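A.B. asks: One structure follows; several queries about it will come next.
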Amino acid sequence: MILFKKLGFVNTREMFKKAYNGGYVIGAFNFVCLEQMQAITAAAIETHSPFIMQCSAKVRKYIHPVMARHMATACAEIIQSKGMKIPMALHLDHGTSYEECKAAIEGGFSSVMIDGSALPFKENIELTASVVEFAHRYDVTVEGELGIVSGIEEEVSHSESRFTDPDAVHEFVNRTGVDSLAISIGTSHGLVKIKVKPGEPVPPLRFDILAEVEKKLPGFPIVLHGSSAIPKEYIEMINRFGGKLEHAQGIPVDQVKKAVKTAVCKINIASDGWIAMTATTRKVLTENPAIIDPRKFLAPARDAMKEVYIYKMKEVFGCAGMADQGKM
Ligand code: 13P
């Protein structure tokens, strides 16, 4: 058992309390490789933002659990070596079973999500409560989910979203003991959030559902998945340099900014970082066909991702500078 507290991470409890009271959001950024972790950490350092570094169980396995822990620990150590106190949580995104969550907790994660959203209500409660029971023994925080966020993630596709039923959230939170709750209000994983015809407006998120949830759970941290903006310039860049992405449509930034002012305390971003990395890699390799040193495309790709994360922290989530708000 390797406890997160020895590794320089924090759980999400204090972070979310401060975000809730301060009217900002903690960015939760998905990584699959070293350069993404470097970019996320560099952005947090530059903007003094508390942050969540997260990966799925599949990514944890892809990197290797030991390697993933050491790479994340190195990020925390780099922050400390600069004499900075930037709260960093290491979070398991979309844990699908008790065993996956337990393994992450035993491997140094400070926070886990157990995603029982596709299960019937009662089974979701049972699974989530069992993870909470184990996690809380070690002060690890747990995110549950009610309602289904559609889209494609880790090759798992939910074609239909099922909006969260506000009448169910109180019972779910009470019976499971979760520390935060992901809800479905129209966001979606992956590149195609919503299919709209060219020129057609993107339907707004269901802020009415969010408002109902807030009423039922006063003071409780809410999480939004699938909230990448999918900037057109990166899609065009990918397509210009040999890619083929169709129908890409993200969540408009003004919608996300509106959510920041609510009970939402954590917003997940995977795709926006990934398309910045892929677009930059494609461009650099196409324009410089003789490159064989991976650093020649990885370094610019890392810079591009860092810019994306800085933009989110400063301009969208409002968390820049919040690492300096008292001791965490
Ligand atoms: P995006 O695909 O919108 O970045 O969402 C990622 C996510 O929610 C990870 O859980």
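Going by the numbering used here, the sequence shown wraps up at 367, each residue one higher than the last.
Where is the CB? At the ideal position from N, CA and C, for every residue including glycine.
The structure presented is a predicted model; accordingly, all values stated were derived computationally and were not measured.
(1) Can you list, in chain order, the residues of its chain whose CB lies under 7 Å from that of residue 315, leaving out five sequence neighbours each side?
(2) Which residues in the same chain have their Cβ closer than 6 Å to the Cβ of residue 163, if we skip the five residues on either side of it in sequence?
(3) Please state whether DSSP places residue 367 in a helix, a strand or coil.
(4) Residue 307: beta carbon under 7 Å from a heavy atom of the ligand 13P?
(5) Go through its chain and collect everything with a Cβ distance to residue 148's Cβ below 6 Å, but skip five positions before and after it.
(6) Does the region 251-264 come within contact of the region 277-284, defined as at least 3 CB pairs closer than 8 Å?
(7) Under a Cβ-count criterion, where at least 16 other Cβ atoms within 10 Å of its own Cβ denotes burial, should residue 235 be classed as buried or exposed?
(8) Got a sec: does the ligand MG put a non-hydrogen atom nearer than 7 Å to the Cβ of residue 267?
(9) Is the region 356-364 in contact with the region 81-88, if contact means three or more CB pairs nearer than 8 Å?
(10) Does the count of Cβ pairs from the region 307-324 and the region 54-72 closer than 8 Å reach three?
(11) Assuming the contact rule is C-beta atoms closer than 8 Å, residue 392 and residue 292 should be a hit. Round their C-beta distance to whole Å, please.
(12) Quick one: Cα of residue 238 to Cα of residue 232, how far?
(13) Do residue 76 and residue 126 have their C-beta atoms within less than 8 Å of each other?
(14) So, helix, strand or coil for residue 150, using DSSP?
(15) Per the DSSP calculation, residue 90 is bridged to which residue(s)?
(16) Tell me whether residue 83 is buried or exposed, calling it buried when 16 or more other Cβ atoms sit within 10 Å of its Cβ.
(17) Look at the alpha carbon of residue 190 and the alpha carbon of residue 228, and state the distance between them as a whole number of angstroms.
(18) Going by DSSP, name the residue or residues bridged to residue 256.
(19) Quick test of your reading: residue 382 and residue 245, contact by CB under 8 Å. State the CB separation rounded to the nearest angstrom.
(20) Assuming contact is defined by CB atoms lying nearer than 8 Å, are residue 168 and residue 341 in contact in what I supplied?
(21) Could you check if residue 133 is buried or exposed, using at least 16 other CB atoms within 10 Å of its CB as the buried criterion?
(22) Using only alpha-carbon positions, find the residue among 100, 58, 97 and 92 that is nearest to residue 112.
(23) Please say whether residue 249 and residue 212 have beta carbons closer to each other than 8 Å?
(24) Roughly how many whole angstroms lie between the Cα atoms of residue 299 and residue 253?
(25) Based on DSSP bridge pairs, tell me the residues matched to residue 120.
(26) Check each candidate in 350, 317 and 354 and name the one with the smallest Cα separation from residue 336.
(27) Please tell me whether residue 258 and residue 63 are closer than 8 Å, where the distance is taken between their beta carbons.
(28) Using only CA atoms, which one of 158, 180 and 123 lies nearest to residue 143?
(29) Rounding to the nearest angstrom, what Cα-Cα distance links residue 51 and residue 327 in this structure?
(30) DSSP on residue 261, reduced to helix/strand/coil?
C.D. replies: According to the structure shown:
(1) 273, 343, 344 and 347
(2) Counting only residues of its own chain and dropping the five nearest sequence neighbours on each side, residue 163 has a CB closer than 6 Å to the CB of 155.
(3) Low local confidence applies: a pLDDT of 43 at residue 367 is under 50, so the model's placement there is unreliable, with the coordinate-based value given in what follows. Residue state, collapsed to three classes: coil.
(4) yes
(5) Excluding positions up to five away in sequence, the list reads 129 and 131.
(6) no
(7) exposed
(8) For the ligand MG, the structure offers nothing, since it holds only the ligand 13P.
(9) Pairwise C-beta distances place the region 356-364 in contact with the region 81-88, as three or more of them are shorter than 8 Å.
(10) yes
(11) With the chain covering only 40 through 367, there is no way to say anything about residue 392.
(12) Taking the straight line from one Cα to the other gives about 16 Å.
(13) no
(14) strand
(15) 66 and 127
(16) buried
(17) If I take the Cα positions, the gap works out to 4 Å.
(18) Per DSSP, none; premise fails for residue 256.
(19) The structure shown does not extend to residue 382, since the chain is modelled only from 40 through 367, so no value can be given for it.
(20) Contact flag unset, no.
(21) buried
(22) 92
(23) no
(24) 13 Å
(25) None, per the DSSP bridge assignment.
(26) 317
(27) no
(28) 180
(29) Distance between the alpha carbons of residue 51 and residue 327: 43 Å.
(30) strand
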